[in-house]
Every structure is written in structure tokens, then in C-alpha cells.
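For the sequence shown, this note's numbering begins at 1045 and goes up steadily by one. We treat Cβ as the ideally placed atom computed from N, Cα and C, and that holds for glycine.
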Amino acid sequence: MKPAHLLHALIALVPAVMRADVRLPAVISHHMVLQRDAVVPVWGWADPGEQVAVAFAGQTRTAVAAADGAWRVTLDPLRASDTGATLTISGNNRIVIEDVLVGEVWLGSGQSNMAMTVARSLDPEREATAANHPRIRFFKETSASATTPQKIGKGEWVLCSPQTAPAASAVLYFFGREVHQKLGVPVGLINSSVGGTPIESWIAPEAQRATKELAPFFAAMKAEAAAIDSPAARKKYEADLAAWEAGQKAAKAAKKKAAKKPQDPAELAARKADVGGLFNGKIAPLIPYAVRGFLWYQGEANSTPGKAPFYAAQLRLLVTDWRGRWGAELPFAWAQLPNFTGAGRDWPAVREAMLQTLALPRTGMGINLDIGEANDIHPRNKKEAGRRLALWALGEVYNEKVPATSGPLPAGHEIRGAAITLRFMHTNGGLVAKDGVLRGFEIAGDDRVWRPAQARLAGDTVIVTSAEVPRPVAARYAWENNPAASLFNGAGLPATPFRTERW
């Protein structure tokens, strides 16, 4: 070939070489579950102006990549499937996604009790052996915190089996198993959770900064971060670090275990002041994947006296902001914090915030006051925690017949003379006193001093009195970190802690 012709041939090849392949977010991948009976977005990135075609279940949709390369199509509502099908995306390249099911998809998030695996829950060997459910699929979002919203994410879908179930979120698995067995359809469970994390890490930062109720929260956070990374703290850290390095050498020479490395105050301050980092890194890449709803298990990290008063505003914002970003009023439920000693923490305030947030439509709460462990912040009975969330979903979201969708919730009260009559909803089968005795009720008068109360059942009400309080004005129940749950409904679900006045 003549040099001129060779040059022309090479030039002709340049556009083909420079064309970018169609790319997809990690959650759109082999073995995924698509949400049934809903519009299903499929999205990704390509060359600006590139035409992309998506084909699945007899539907073909096309889109043209925008100036930033983003493209998106929507599939019409799909019926649940029993066997996997192929989804194909074609542009400059062709991507074939195998073994795609259609069923029910739920996204679970929060901190360590959502992240806690089946392997760490009760009866792990027995549960793993029985976990042969290939139509239940797990996706764990493994990406890290980020300063800006991410797009691709990290993770893969895996089939539920005795080999994969031990590493799955226990709450999600037991929830999903109940839904799968009751509805008889595939279930996809997306887990995006990180132990020890506060709720402010999981909400978009701009949404939080725009919420007036949270202004004092951010002012306190700024002051705390400044104190952590003060000149005095920096000087102490440098001295501690020098001592630690010297100790490292000595320990190595003596073949002894070294002390723990001191924390850099700048890194600690940045971690404590992280606002929206996990939303950016671990939730943003999942939007707008079609899901039926959300499950949340978190609150422990926000139970400090300085943070607990803001939790109601934060949980309400989490629900409304996520719904807004998915573009629908999707069902949203959370696990109420169980009983735990929690020295120096205000778990009742966080539980109350969770109760108050039920005022939002299409929300639910699994009450776990009786399945915690006094001295372990990670109670092992995740099977029951997951089942209680599933009862809510099956009854309220899917309109299935279940024994109850919640434990008893307060529904008002009356004061007559020396007695306060407390009314409840979700008394399915009637109110029940565990072991025949109601405990944990308190009563107060105008002095606002709480005193133990005698409580008795009267139909679907509880009547409380105290000889020490002849003219009561308020009552409360189970208002401590580690109360003894005594009030249940006929379905065996415990009542939420509550108070009739907020002083």
C-alpha cells in the first residue's frame, strides 16, 4: 500500500478507535431483579449523540446520549417471571446481561445492624443450610463515601444459596424470604449500609443544608470539629504519635503486641463532620433503579444527647428526599431501636423520633423492644426483626392478610380524676400484658416528676394511676434505654415506647 493510502486508512480508523463503549452502573448487571408492575429505568453512558437500544421481554427502547454522555430509557411495566431472561444494550458496543428476573425489589440501608450478616445472627448454620432460594438475589453496594455524587457504584448480584446467604444482610434476608415465600415471586435485595455511621451521612448534603430545623445541628457539628482539630489537639497528637512510634520499635524488639495508633484529629474531625458522604458514594449510584420500597435500620450513632433531638427532622428528611430523588412516594419502613443499656445515650428520644415519622404517608415501623440484648448493641435475633418489617410490607404494601402490621401504637388519651386512660391502634387480637402484669408505665402531675404507675387493661385501653399523683397530667411507657416490654397485641408484637406530653 502506498504511504498516502496507508495514511488515509489510518485516519478512517481513528473515529472507531476513539469511540467509547456503552457503560452501565454496577447495579444493572447479571442476575439482577427488575421491579414488577412499575416503569423500569435502564440508564448509562455513551458517546454524546450515540444511539443506544435496550431490549428486554419483547420491548425495545432507544435513546440518544446527551452532551454529557448520559442516556436513559424506560421499560413498560413487567410481569413477575419464574426464569431468567436476557437484557441487551446496544450502541457502539453490545452488552448482554444474563439471568434477569422480574419481581419485588427492596433497598435496605443504615448502619451496623442493617449490615450485620446472617453468619452473625441466631442459628447461622441452620439458616445458611436452608437458604436455597435462587430466586432471591442480593446486591451489596460496596463503594465508599464520596464528596460528590457518584454514578457507577460497585457490586454484583448473587443468587441466594447456602454459600452466599451467610454474607448477606440478615435483616434484609429474613425480610426478603418472608416476602418471597408469601408472594411466590422473585425478590431482589439491595444492601447499602455501613457500620457506625450517622444518619447525616446518608442524606444529600444540599438537602440537609437547606433544612432550617438542622441549622443548630450544623453549628454544633462545626464547633465540635474545630475543638477536635484545635492547635492543642494537634500538638497532643504529634506527641502521642512520636511516643507510639517509639513504642512500636520497642514492642517489635521485644516481640510484643504494639499499642493502638493514635487518631489524627484532622481525620477524626472530617469523619465526624461527614455530611452526605455515604449518600454520594453509596446511594446516588443506585438512583433511579426501580424498587418497591426502602428499609432502614439506624439510629444508634445519633443517640448521643447532642444528636438525638435532631433525629426526627433528619429521618423525615431522609424519607422525603429519597422519595423525591426516585420520583415517587415509595413505601418506607424502619426498625425501631430495641432495648439496650446504652450508657450515656438517649435511645428513647430516637425511638420517639421514629414513632413521630409514622405521620408521613406510606411509612411503617418494626417495633423491637423485646428482642434486643441489654449488653450488646448488635442483637442476634435479626430473623424476628426482618419478619416484623415483612409483616408491615405484606399487609400494608401488598394487601396480604397478616396477623398484624405493627405492634400497638398510641391513639390518644383521656384524663379523668386520678386516672389516665390510654388508647391504642394496632391492637390486633386485643391488648395483652406479658406474664399477666403491665410494667414500665409512669405518671406525672404538674410538677413534671415521673413516678411509677399501676396499669391495668380495659379492652383496647390501658388505665394508669398512682397514689403519689392524685391529679395526673401525663403518662409514658417504656421510657428508658433498656425497658422491659410488657404491653403486646394479640399477634405477639410489642407496643412502642411513648409519652403523652413532650416537656
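Item	Value
Which stretch, first to last residue, makes up the beta strand (DSSP E) that contains residue 1566?	It is not possible to answer for residue 1566, since the shown part of the chain is limited to 1045 through 1547.
Between residue 1208 and residue 1071, what straight-line distance do the alpha-carbon atoms span, to the nearest angstrom?	18 angstroms
Do you know offhand how far residue 1213's Cα is from residue 1461's?	50 angstroms
Where residue 1215 and residue 1193 are concerned, what is the direct C-alpha to C-alpha distance, given to the nearest angstrom?	27 angstroms
For residue 1218, which residues does DSSP report across the bridge?	Answer is none; residue 1218 lacks a bridge partner.
Taking C-alpha atoms, which residue in 1516, 1540, 1280 lies nearest to residue 1491?	1516
Leaving out five residues before and five after residue 1380 in sequence, what residues of the same chain have Cβ atoms less than 7 angstroms from its Cβ?	1395, 1398, 1409, 1410, 1411, 1412, 1540
Using the rule of at least 16 other Cβ atoms within 10 Å of the residue's Cβ for burial, across every protein chain shown, is residue 1365 buried or exposed?	buried
Please report the straight-line C-alpha distance between residue 1557 and residue 1520, rounded to a whole angstrom.	The chain is shown from 1045 up to 1547; residue 1557 falls before or after that span and cannot be answered.
Is it buried or exposed, residue 1469, if we count other Cβ atoms within 10 angstroms and call 16 or more buried?	exposed
Among the residues of its own chain, which have a CB less than 7 angstroms from the CB of residue 1066, if the five just before and after it don't count?	1088, 1090, 1096, 1133, 1135, 1136, 1137, 1139
Could you give the distance in angstroms between the alpha-carbon of residue 1299 and the alpha-carbon of residue 1288?	15 angstroms
Go ahead and label residue 1449 buried or exposed: buried means 16 or more other beta carbons lie within 10 angstroms of its beta carbon, across all protein chains shown.	buried
I need the straight-line Cα distance from residue 1533 to residue 1475, nearest angstrom please.	5 angstroms
May I ask you to report which of helix, strand or coil DSSP gives residue 1092?	coil
Does residue 1337 come out as helix, strand or coil in the three-state DSSP assignment?	strand
Please work out which residues of its chain come closer than 7 angstroms, Cβ to Cβ, to residue 1322, disregarding the five sequence neighbours upstream and downstream, and give them in chain order.	1189, 1238, 1241, 1245, 1246
Return the residue from the list 1427, 1085, 1205 that minimises the CA-CA distance to residue 1105.	1085
I want to check one thing, is the minimum distance from the CB of residue 1490 to the heavy atoms of the ligand ADP below 8 angstroms?	The ligand ADP is not among the ligands present in this structure, which contains no ligands whatsoever.
Report, in whole angstroms, the separation of the C-beta atoms of residue 1324 and residue 1186, which I expect to be a contact under 8 angstroms.	At roughly 15 angstroms, the Cβ-Cβ gap does not stay under 8 angstroms, so residue 1324 and residue 1186 are not in contact.
Under a three-way DSSP split, which group does residue 1521 fall into?	strand
Suppose only complete runs of 3+ residues qualify. What are the beta strand (DSSP E) ranges in the region 1159 to 1207, listed by chain order?	1177 to 1184, 1201 to 1204
Indicate whether residue 1371 and residue 1332 have their beta-carbon atoms separated by less than 9 angstroms.	yes
Do residue 1570 and residue 1221 have their CB atoms nearer than 9 angstroms?	What is shown of the chain runs 1045 to 1547, which leaves residue 1570 out entirely.
I need the straight-line Cα distance from residue 1509 to residue 1481, nearest angstrom please.	15 angstroms
Compute the Euclidean distance between the alpha carbons of residue 1268 and residue 1422, then round it to the nearest angstrom.	27 angstroms
Would you mind working out which of 1253, 1357, 1473, 1415 sits nearest residue 1166, comparing C-alpha positions?	1415
Tell me the rounded alpha-carbon separation between residue 1277 and residue 1093.	54 angstroms
Counting Cβ pairs closer than 8 angstroms, one from the region 1153 to 1165 and one from the region 1333 to 1343, do we hit at least three?	yes
Given residue 1483, which residues of its chain have a CB within under 6 angstroms of its CB, disregarding the five upstream and five downstream residues?	1528, 1530
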